[in-house]
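Everything on this sheet refers to the single structure shown next.
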Amino acid sequence: MQNIEAIVDELLAQLAAARDVPENAPPTEIIVSSLDQMRFLVAVEERLDTMLEVGEVFPFDLTSRENLVKSVTELVAEATA
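Whatever position you read off the sequence shown (first residue = 1), add 23 for the working numbering.
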């Protein structure tokens, strides 16, 4: 499996460029809407070649990059269990 931290960093950089914010900005400044979260989710699924199950609320912890990586890791673990 690809390194989830590297994937998250790459996707945040792409989304930051699209929003015209610094790529090292906090996730809350890069992923600001449910549409951004959907784009992020789809991109993660594409990179990992898997389908991730989410409920009505996106499970991403945007409080820090580390917490975002952890929430993606947990989501992937649930999907592959």
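Using N, Cα and C, we set each Cβ at its ideal position, and we do this for glycine too.
Measuring alpha carbon to alpha carbon, tell me which residue in the options is nearest residue i.
i: residue 103; options: 83, 84, 72, 78; result: 72
i: residue 86; options: 55, 30, 36; result: 55
i: residue 33; options: 57, 51, 88, 83; result: 88
i: residue 30; options: 101, 100, 68; result: 68
i: residue 35; options: 27, 53, 97; result: 53
In this structure, how does DSSP classify residue i when only helix, strand and coil are distinguished?
i: residue 74; result: coil
To which residues of the same chain is residue i closer than 7 Å at the C-beta, ignoring the five residues directly before and after it?
i: residue 45; result: 39
Excluding five sequence neighbours on each side, which residues of the same chain lie with their C-beta closer than 8 Å to the C-beta of residue i?
i: residue 51; result: 85, 86
Could you say if the stretch 75-91 and the stretch 36-44 meet the contact criterion of at least three C-beta pairs nearer than 8 Å? No: the two stretches stay apart, fewer than three of their Cβ pairs being nearer than 8 Å.
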